[in-house]
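Engineer: For reference, the structure I am asking about is given below.
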Amino acid sequence: MVATGERDGVVPSFAATRIGTMVPLEPSQLRLPGVYFALRNQKWMCKVENLSQGEGLFVKIREYFLDAKWFCALCYLFYVALGGPAVRAQGQDRAPEYYPADIQYGAQIFSTQCTTCHGTSGDLIPGVNFRAGVFKRVVSDNDLRATITNGVPGTGMLPFAFGASELTGIVSYLRNMSTLDGKGIMVGNVARGQALFTGAGNCSGCHAVNGKGPRVAPDLGDVGNLRTADLLHRTLIDPAGSMLPVNRSVHAVTKDGKSINGRRLNEDTYTVQLIDEQEHLVSLTKSDLREFTVLKTTTMPSYKDKFSAQEQADVEAYLLSLKGVK
Amino acid sequence: MNRLWRTCFPLFLTFLIPFALRAQVTPERLLHATDEPQNWLTYSGSYASQRHSLLKQVNPSNVKNLELKWVFQAQSLQKFETTPLVVDGIMYITQSPNDVIAVDPKSGRAFWMYHYAPSPAARPCCGIVNRGLAMVGDSLFMATVDAHLVAIDAKDGHALWNVKLAEAAAGYAATMAPLVVKDKVIVGVAGGEYGVRGFISAFDVKSGKQVWKMDTIPDPDQPGHDSWRGGDWEHGGGAVWMTGSYDPELNLTYWGTGNPGPDWNPDQRPGDNLYADSVLALDADTGKMKWYFQFTPHDPYDYDSVQVPVLANANWNGSPRKLMLWGNRNGFFYVLDRTTGKFLNGKPFVKVNWASGLDANGRPIPTPQPAGMPTYPGIQGGTNWYAPSYSPNTGLFYLSTWEDYGTVFEGVKTEYKEGTRFTGGANPSPIPGAENPVGARSGPINTYTEAMAHGGVVAIDPATGEKKWHFEMHDVNTSGILTTATDLLFVGGREGYFQALDARTGTLLWKQNLGGEIIAGPISFQVDGKQYITIAAGNSLFAYALRE
Numbered sequence: 000m001v002a003t004g005e006r007d008g009v010v011p012s013f014a015a016t017r018i019g020t021m022v023p024l025e026p027s028q029l030r031l032p033g034v035y036f037a038l039r040n041q042k043w044m045c046k047v048e049n050l051s052q053g054e055g056l057f058v059k060i061r062e063y064f065l066d067a068k069w070f071c072a073l074c075y076l077f078y079v080a081l082g083g084p085a086v087r088a089q090g091q092d093r094a095p096e097y098y099p100a101d102i103q104y105g106a107q108i109f110s111t112q113c114t115t116c117h118g119t120s121g122d123l124i125p126g127v128n129f130r131a132g133v134f135k136r137v138v139s140d141n142d143l144r145a146t147i148t149n150g151v152p153g154t155g156m157l158p159f160a161f162g163a164s165e166l167t168g169i170v171s172y173l174r175n176m177s178t179l180d181g182k183g184i185m186v187g188n189v190a191r192g193q194a195l196f197t198g199a200g201n202c203s204g205c206h207a208v209n210g211k212g213p214r215v216a217p218d219l220g221d222v223g224n225l226r227t228a229d230l231l232h233r234t235l236i237d238p239a240g241s242m243l244p245v246n247r248s249v250h251a252v253t254k255d256g257k258s259i260n261g262r263r264l265n266e267d268t269y270t271v272q273l274i275d276e277q278e279h280l281v282s283l284t285k286s287d288l289r290e291f292t293v294l295k296t297t298t299m300p301s302y303k304d305k306f307s308a309q310e311q312a313d314v315e316a317y318l319l320s321l322k323g324v325k
Numbered sequence: 000m001n002r003l004w005r006t007c008f009p010l011f012l013t014f015l016i017p018f019a020l021r022a023q024v025t026p027e028r029l030l031h032a033t034d035e036p037q038n039w040l041t042y043s044g045s046y047a048s049q050r051h052s053l054l055k056q057v058n059p060s061n062v063k064n065l066e067l068k069w070v071f072q073a074q075s076l077q078k079f080e081t082t083p084l085v086v087d088g089i090m091y092i093t094q095s096p097n098d099v100i101a102v103d104p105k106s107g108r109a110f111w112m113y114h115y116a117p118s119p120a121a122r123p124c125c126g127i128v129n130r131g132l133a134m135v136g137d138s139l140f141m142a143t144v145d146a147h148l149v150a151i152d153a154k155d156g157h158a159l160w161n162v163k164l165a166e167a168a169a170g171y172a173a174t175m176a177p178l179v180v181k182d183k184v185i186v187g188v189a190g191g192e193y194g195v196r197g198f199i200s201a202f203d204v205k206s207g208k209q210v211w212k213m214d215t216i217p218d219p220d221q222p223g224h225d226s227w228r229g230g231d232w233e234h235g236g237g238a239v240w241m242t243g244s245y246d247p248e249l250n251l252t253y254w255g256t257g258n259p260g261p262d263w264n265p266d267q268r269p270g271d272n273l274y275a276d277s278v279l280a281l282d283a284d285t286g287k288m289k290w291y292f293q294f295t296p297h298d299p300y301d302y303d304s305v306q307v308p309v310l311a312n313a314n315w316n317g318s319p320r321k322l323m324l325w326g327n328r329n330g331f332f333y334v335l336d337r338t339t340g341k342f343l344n345g346k347p348f349v350k351v352n353w354a355s356g357l358d359a360n361g362r363p364i365p366t367p368q369p370a371g372m373p374t375y376p377g378i379q380g381g382t383n384w385y386a387p388s389y390s391p392n393t394g395l396f397y398l399s400t401w402e403d404y405g406t407v408f409e410g411v412k413t414e415y416k417e418g419t420r421f422t423g424g425a426n427p428s429p430i431p432g433a434e435n436p437v438g439a440r441s442g443p444i445n446t447y448t449e450a451m452a453h454g455g456v457v458a459i460d461p462a463t464g465e466k467k468w469h470f471e472m473h474d475v476n477t478s479g480i481l482t483t484a485t486d487l488l489f490v491g492g493r494e495g496y497f498q499a500l501d502a503r504t505g506t507l508l509w510k511q512n513l514g515g516e517i518i519a520g521p522i523s524f525q526v527d528g529k530q531y532i533t534i535a536a537g538n539s540l541f542a543y544a545l546r547e
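Structure, rendered in structure tokens:
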């Protein structure tokens, strides 16, 4: 008799997987006329015939096959053997690219916050060598962030309250220590950067810092928390390309001919909210407007040629130092 | 002439509105907040804290035509206790834990949002809540649940300064809307359930530097200290968690104080426990105390006296007098002379059995209940912090109530340990032998039935202390109140109904189910010629105006 049914019972021996093998069963296991049996360790499933022979109960193995979860496990082993994890490490554990400005920022933080314990080469702690990429427990960039933020209990590795842009910098630096030419690092000076911000760069002609200054452009009082070093660098070089779309300039003309220019703060299908040139918060209903344009350009100049590389680094250092009101 | 002026005044205001728009909020404007009824410039609408709007577009005849104009949904499931400010066509609201949002009051759309991340050490006793803001110049001021005070640019939502008021890990918090007086922003601290030592302090609005600080529990060198035994004062409570009021003519600012610590075990703190459960009249420039009045000396029942002080000028025994009207959590309604602090009158407005009455000086005559028997009003009080209203039109004081509501108090000796609860006891069921219902109901099922309490709104005639009318609610009432010049009264409640009553009779004129508990006060303002009324309910702010 050959029958199929639900999985039930456990055959006691792996040897029973051979076709034709007679397998003894307890009477309680023979409650269905025909079943799939899971063999020992649940690795194999088998289809059986029920037999009664002599004094005991027996089934005869007709065919057998691998249990689904073990099949999956086997597939994974093949995947691992074929180098899957290496692909994953490149794809998920590390950022696809680390940017020079972030690396430079990270180098500065590292030199002041990390070298006391880890050394300038990052190899003072036994079992850890940043240049060689040797860590005790870190695999991914997120592991690095978590270890820096939470510390390692019971060791000298204390938790550090770094912001997102600082963490990006440190991780970028640690991932590039092995290839980095220390002489090439452009270290920005915060005080010089502030002088350029208010002086030659005239940044303060449009941007306030913690409420001090005009509101034509966004207040930069906490920009060091919001933007990475790389993003700040790109903004200096290509302002229009890297500005947040919500901050774009808008131009509107009401049906009665009133012209309104300002910086967009919010927008939906029917309304738009902005801060106008007189620094008033204004909410407009689009159906009341004759004209409404969101500009893709910005009045902020590029500092690519206006500032030297050192001056750019100085301004970036100043901006990165702006962490909001504590 | 007077009638002509009354008729012309709103027209005059309407003419002024375009000119008032977009000027900075000067201290002078705050002094005369009721002269610009299109705005809502302080937590309580004006320094007198009457929550009375002079706008007249919505009246008893057309209130049934109110329709929902917009809803702002808070990005938080915490209790939503905010009272918005409306200044020159922009609304400012707070949401839990400590976000500030600038909103277009016509559409409900946001201009900007300021996010403040409180310290994880914050441990406010009764919800991560915030009740609103203060404003002067272009600056908004918010107190935070980790006991900081933050100034924020009203134009773009950036922080201008941030000062620490006290140690959050020790149980200090701040949930109130601050009060700006002249060039100072005044704020108090919560934490009465953690044995904090309360204080009120003033900061320079520009720099954030502290100008004065008034401890509500006096140290050995301060007057009132002899109302404490030994070192009990060091964790004596007296928290200040609701916004005060201000009388510019007297230059006095008035603040209510909370329970002494520990809350429910008075044997641990013999004495009157000054200045807990009191109102303090402070010089607004120096913080020096001019007078105090203690409502509940040696309080065993957690009868915080943090209610908003309502200031009214009215005739008293035939002559004009500067009054302070106070519906206290202890179940008595008080009238004080706010120049001197003299007690003028006091009567219970709900069932009271903890005192048989008040003596000639307003001091209660205690009648402690036998062990295991309920005390009325119960722990949440005959009312609580819900903002009341006074209408100069009707001359009545309006109050949200918890009625026929008691608690069995049981004091337990408790050691003070910094940062942990220091309440000194338990509150078993008010029904002897019965299971204790949950104190604060949330969700759609009313477990807080008539067996526990009911509530409503009472209108009290300050001249007599008698109730003029009573609006009954099945559930208790946790809402603030707004009255208008057209004799409308707006009120919410735990049931989630937003209601308009006739302020003269208490007759229900309009209601809408907003589907969530109302634990905030309504306000009214006008933009582009349209009067709005808003109320926070559940987790959203609802804005109403008349149908076009």
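Protein chains in written order, with numbering that gives the first Met the number 0: chain A, 0 to 325; chain B, 0 to 547.
Where is the CB? At the ideal position from N, CA and C, for every residue including glycine.
Bear in mind that the values here come from a model prediction, so they are computed numbers and not experimental data.
#1: Return helix, strand or coil for phenylalanine 79/B, following the three-state DSSP convention.
#2: Select from the region 151-179 of chain B all residues with a C-beta closer than 8 Å to any C-beta belonging to chain A, and list them in chain order.
#3: Does the CB of isoleucine 560/B have a neighbour CB from chain A at under 8 Å?
#4: Please report the residue range of the beta strand (DSSP E) in which isoleucine 151/B lies.
#5: Using only the heavy atoms of the ligand FAD, determine whether one of them is closer than 7 Å to the beta carbon of proline 387/B.
#6: Determine which residues of the region 99-130 of chain B have a Cβ less than 7 Å from any Cβ of chain A, and write them out in chain order.
#7: Give me, in chain order, the residues of the same chain whose beta-carbon lies closer than 8 Å to that of valine 133/A; leave out the 5 immediate sequence neighbours on both sides.
#8: For chain B, find out if any of its Cβ atoms is closer than 8 Å to the Cβ of threonine 148/A; answer yes or no.
#9: DSSP puts arginine 196/B in a beta bridge; with which residues?
#10: According to DSSP, what are the bridge partners of alanine 280/B?
#11: Buried or exposed: asparagine 512/B, going by 16 or more other Cβ atoms within 10 Å of its Cβ?
#12: Are there three or more Cβ pairs, one per stretch, closer than 8 Å when the region 236-246 of chain A is compared with the region 295-306 of chain A?
#13: Quick one: grab the DSSP three-state call for aspartate 358/B.
#14: Counting along the chain, where does the alpha helix (DSSP H) carrying histidine 279/A start and finish?
#15: Say whether chain B places a C-beta atom closer than 8 Å to the C-beta of threonine 268/A.
#16: Since I believe threonine 338/B is in contact with lysine 321/B (beta carbons under 8 Å), could you give me their beta-carbon distance rounded to a whole number of angstroms?
#17: Assuming glycine 156/B and alanine 172/B are in contact, meaning their beta carbons sit under 8 Å apart, how far apart are those beta carbons, in whole angstroms?
#18: Would arginine 214/A pass as an interface residue toward chain B - the criterion being a Cβ-Cβ separation below 8 Å?
#19: Flag aspartate 255/A as yes if its beta-carbon sits less than 8 Å from any beta-carbon of chain B, otherwise no.
#20: Just verifying my parser: in three-state terms, what is the DSSP assignment at phenylalanine 541/B?
#21: Could you give the DSSP three-state label for asparagine 264/B: helix, strand or coil?
#22: When we look at the beta-carbon of proline 119/B and count the other beta-carbons within 10 Å, is it buried (16 or more) or exposed?
#23: Taking buried to mean at least 16 other C-beta atoms within 10 Å of its own C-beta, is proline 83/B buried or exposed?
#24: To which residues does DSSP link leucine 500/B through a beta bridge?
#25: Evaluate the contact criterion for the region 124-136 of chain B versus the region 159-177 of chain B: three or more CB pairs, one atom per stretch, below 8 Å.
#26: Would you tell me roughly how many angstroms separate the C-alpha atoms of glutamine 525/B and serine 52/B, rounded to the nearest one?
#27: What's the C-alpha gap between leucine 219/A and serine 43/B?
#28: If distances are taken between C-alpha atoms only, which option among Arg196/B, Lys205/B, Pro363/B, Leu164/B comes closest to valine 186/B?
#29: If we call anything under 8 Å between Cβ atoms a contact, is glycine 236/B one with glycine 270/B?
#30: At what residues does the alpha helix (DSSP H) containing phenylalanine 109/A begin and finish?
#31: Consult DSSP for histidine 31/B and reduce its assignment to one of helix, strand or coil.
#32: For aspartate 275/A, decide whether its Cβ has a neighbour in chain B, counting only Cβ atoms nearer than 8 Å.
#33: Need the endpoints of the beta strand (DSSP E) that tyrosine 333/B sits in, please.
#34: How far does the alpha helix (DSSP H) with phenylalanine 71/B in it extend, from its first residue to its last?
#35: State the DSSP-derived secondary structure class of isoleucine 169/A, mapped to helix, strand or coil.
#36: Looking at the strands, I want to know which residues DSSP matches up with proline 365/B.
Structural biologist: The relevant details are as follows:
#1: coil
#2: Asp152, Lys154, Asp155, His157, Ala158, Leu159, Trp160, Asn161
#3: Past the boundaries of the shown model lies residue 560/B; chain B is included only from 0 to 547, so the question cannot be answered.
#4: 147-152
#5: Annotation note on the ligand FAD: not contained in the displayed structure, which lists no ligands.
#6: Ala101, Asp103, Lys105, Ser106, Arg108, Ala109, Phe110, Trp111
#7: Gly126, Val127
#8: no
#9: Gly236/B
#10: Paired residue(s): Tyr253/B, Trp290/B.
#11: exposed
#12: yes
#13: coil
#14: Element bounds for histidine 279/A: n/a, residue is neither H nor E.
#15: no
#16: 5 Å
#17: Between alanine 172/B and glycine 156/B the Cβ distance is about 23 Å, and since that is not below 8 Å, they are no contact.
#18: yes
#19: no
#20: DSSP places phenylalanine 541/B within a strand segment (E or B) once states are collapsed to three.
#21: coil
#22: exposed
#23: buried
#24: Leucine 500/B has Leu488/B, Leu507/B as its beta-bridge partners, per DSSP.
#25: The region 124-136 of chain B, when compared against the region 159-177 of chain B, does touch it at the 8 Å Cβ threshold.
#26: 10 Å
#27: Distance between the alpha carbons of leucine 219/A and serine 43/B is about 34 Å.
#28: Leu164/B
#29: no
#30: 99-112
#31: coil
#32: no
#33: 331-336
#34: Per DSSP, phenylalanine 71/B belongs to no alpha helix (DSSP H); it is in the beta strand (DSSP E), 65-72.
#35: Judged by DSSP in its simplified three-state form, isoleucine 169/A adopts helix.
#36: Ala354/B
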